[in-house]
Amino acid sequence: VQLQASGGGLVQAGGSLRLSCAASGSIFSMYMVAWYHQAPGKQRELVATITSGDSSNYADSVKGRFTISRDNAKNTMHLQMNSLKPEDTAVYYCSGRKLGGTWDYWGQGTQVTVSS
């Protein structure tokens, strides 16, 4: 399975973006999919996860602002980002893991820049 992220861009603080991640194969086989981000000079951080049973979790910094979703029928996943802040500026990566596995599947990243 290959993943391809898209939807990044430049937005003003308070604005919204919707990231998408398309899978070349079935993401139904993925137990869990996630979005990570990596800001310049910082380590990659987990932003949100969602399981095949639609159970989601979020980093404290994005709770109430971001929503992760997955569409197994369309082999896609999304990250709706609202009330964006300059500190959300980063490259965003989608990732997937199978049950009992690790984060083995990665998209190429999409840049999100939030201006103040």
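In this note's numbering, the protein residues as written are 945 to 1060. Every residue, glycine too, gets a C-beta built ideally from N, C-alpha and C. Quantities reported herein were computed from a predicted structural model and do not represent experimental measurements.
(1) Measuring only the C-alpha atoms, how far is residue 1006 from residue 991?
(2) Under three-state DSSP, which class holds residue 970?
(3) How far does the beta strand (DSSP E) with residue 1001 in it reach, from first residue to last?
(4) How many Å lie between residue 979 and residue 1036 at the Cα?
(5) Can you name, in chain order, every residue of its own chain whose Cβ lies under 6 Å from the Cβ of residue 952, other than the five neighbours on each side?
(6) Go ahead and label residue 963 buried or exposed: buried means 16 or more other beta carbons lie within 10 angstroms of its beta carbon, across all protein chains shown.
(7) Does residue 1017 pass the burial test, meaning 16 or more other C-beta atoms within 10 Å, or should it be called exposed?
(8) For residue 993, tell me which candidate among 1059, 1052, 1047 has the shortest Cα-Cα distance.
(9) Which stretch, first to last residue, makes up the beta strand (DSSP E) that contains residue 945?
(10) So residue 979 is in the beta strand (DSSP E); what residue range does that whole segment cover?
(11) Are residue 960 and residue 947 closer than 9 Å when you measure CB to CB?
A quick look at the data gives this:
(1) As a working mapping, residue 1006 is identified with position 62 in the sequence shown. As a working mapping, residue 991 is identified with position 47 in the sequence shown. Near 7 Å, if we compare the C-alpha coordinates of residue 991 and residue 1006.
(2) Translated into the one-based positions of the sequence shown, residue 970 becomes position 26. Residue 970 carries a coil assignment under DSSP once its states are collapsed to helix, strand and coil.
(3) The residue labelled residue 1001 in the question sits at position 57 within the sequence shown. According to the DSSP assignment, residue 1001 belongs to the beta strand (DSSP E) that extends over 1000-1002.
(4) Locating residue 979 in the sequence shown gives position 35, counting from the first residue. Locating residue 1036 in the sequence shown gives position 92, counting from the first residue. Distance between the alpha carbons of residue 979 and residue 1036: 7 Å.
(5) Counting from one through the sequence shown, the residue named residue 952 turns up at place 8. A distance below 6 Å between beta-carbons, with the five flanking residues on each side excluded, links residue 952 to the following residues of its chain, in chain order: 1054, 1055, 1056.
(6) Taking the sequence shown and counting its residues from 1, one reaches residue 963 at position 19. With 16 or more Cβ atoms within 10 Å of its Cβ, residue 963 is classed as buried.
(7) Taking the sequence shown and counting its residues from 1, one reaches residue 1017 at position 73. Exposed, since its Cβ has fewer than 16 Cβ neighbours within 10 Å.
(8) Stepping through the sequence shown from its first residue, residue 993 is reached at position 49. Selection 1059, 1052, 1047 evaluated against residue 993 yields 1047 as nearest (Cα-Cα).
(9) In the sequence shown, counting from the first residue as 1, residue 945 sits at position 1. That residue, residue 945, is in no beta strand (DSSP E); it is neither H nor E in DSSP.
(10) In the sequence shown, the residue the question calls residue 979 occupies position 35. Element bounds for residue 979: 976-982.
(11) Against the sequence shown, residue 960 aligns to sequence position 16. Against the sequence shown, residue 947 aligns to sequence position 3. In terms of Cβ geometry, residue 960 and residue 947 do not form a close pair [threshold 9 Å].
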